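Asks: My questions will all concern the structure given below.
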Amino acid sequence: MVEWNPDIKIVSPEEATQHIPFLREAYRAAYDSHDLVTHTGAVIVRNGLIISRGYNHFQGEAKKEVDANPALLTDPAHKEWKNKNITHAERSAIQNARGNGDLSDTIKYMPWVPCRDCADDVLKASITKMYGHKELIMKTPERWWKSCDEAISILRKEDVDLYMIEGRIGGVEHLFNGELWYP
Ligand SMILES: [Zn+2]
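Quick note, the sequence shown lines up with residues 1 to 183 if you use the numbering used here.
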């Protein structure tokens, strides 16, 4: 079996305790996701306070199209349309953080890893530190490995620190790739 080994550091259990509550909030932000197969959420934190939340959803014209034709969300024939038009959680959290000025002193919590496009958004927003959840990251379907590896290497090259929290988050449920699990 092929295994994926994303190049992300794991934080010590002692250090993890201060980050778990924010990862839990990022999982909770995902409860509002519009996607019916995979929920994703992200929060941006400054000085220990959440300044922004985001989740994957449809905006503008795409939202109108989904409202008029809900099959766009459920019919696998429209998967490509969905993937192309959904706004990812990280992008959404970064958009919502606008108005909070420069984000270089913030930390982004997103249980999963960013895709290639979201990595660009992170760089544009000057975010330099990110935490994810190992148990979810290791569930990443093979079709995403390439995009995630590219995102990770781009972020590394620009000195963004990427970390994973290992172990149980507790108090949340999460829908990922059609599977409900308890992080
Ligand atoms: Zn993305």
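All C-beta atoms, glycine included, are put in the ideal place defined by N, C-alpha and C. Fair warning: this is a prediction, and the values are worked out from it, not measured in the lab.
Using 6 Å as the cut-off, classify the Cβ of D149 as near or not near the heavy atoms of ligand 1, replying yes or no.
Replies: Along the sequence shown, read from residue 1 onward, the residue named residue 149 stands at position 149. No - ligand 1 has no heavy atom lying nearer than 6 Å to the Cβ of D149.
Asks: Helix, strand or coil for H19 per DSSP?
Replies: Position 19 of the sequence shown, counting from 1, holds the residue named residue 19. DSSP places H19 in helix when its eight states are reduced to three.
Asks: Buried or exposed, going by whether 16 or more other CB atoms sit within 10 Å of the CB of Y109?
Replies: Numbered from 1 along the sequence shown, position 109 holds the residue referred to as residue 109. Buried, since its Cβ has 16 or more Cβ neighbours within 10 Å.
Asks: From S126, Y182 and K79, pick the residue whose C-alpha is nearest to that of N100; which is it?
Replies: Residue numbering aside, residue 100 sits at position 100 when the sequence shown is read from its first letter. Considering only alpha carbons, the answer is S126.
Asks: Enumerated in chain order, which unbroken segments of the beta strand (DSSP E) with a length of 3 residues or greater are wholly contained in the region 43 to 127?
Replies: The qualifying runs are 49 to 55 and 107 to 109.
Asks: Measure the beta-carbon distance from K24 to G171 and round it to whole angstroms, keeping in mind my assumption that it falls under 8 Å.
Replies: On the sequence shown, position 24 is the one that residue 24 refers to. On the sequence shown, position 171 is the one that residue 171 refers to. In the sequence as displayed, the identity of residue 24 is Arg instead of Lys. Confirmed, Cβ separation roughly 6 Å.
Asks: Just the Cα atoms here: how many angstroms apart are L123 and T74?
Replies: Residue numbering aside, residue 123 sits at position 123 when the sequence shown is read from its first letter. Residue numbering aside, residue 74 sits at position 74 when the sequence shown is read from its first letter. Rounded to whole angstroms, L123 to T74 spans 33 Å at the Cα level.
Asks: Using 8 Å as the threshold, is the region 66 to 85 in touch with the region 11 to 20, meaning 3 or more CB pairs across them?
Replies: At 8 Å Cβ cutoff, the stretches do not touch.
Asks: Under 7 Å between the Cβ atoms of L175 and H39?
Replies: Translated into the one-based positions of the sequence shown, residue 175 becomes position 175. Translated into the one-based positions of the sequence shown, residue 39 becomes position 39. Against a cut-off of 7 Å, the Cβ pair of H39 and L175 comes out as a contact.
Asks: Measure the beta-carbon distance from P141 to N177 and round it to whole angstroms, keeping in mind my assumption that it falls under 8 Å.
Replies: Translated into positions along the sequence shown, residue 141 becomes position 141. Translated into positions along the sequence shown, residue 177 becomes position 177. Confirmed, about 6 Å.
Asks: What does the alpha-carbon distance come out to for the pair R8 and C115?
Replies: Start at 1 with the first residue of the sequence shown, and residue 8 comes out as number 8. Start at 1 with the first residue of the sequence shown, and residue 115 comes out as number 115. According to the sequence as given, residue 8 is Ile; it is not Arg. Taking the straight line from one Cα to the other gives about 14 Å.
Asks: Ligand 1 and H225: does any heavy atom of the ligand fall closer than 6 Å to the residue's C-beta?
Replies: Shown here, the chain extends from 1 to 183; a query on residue 225 therefore has no answer.
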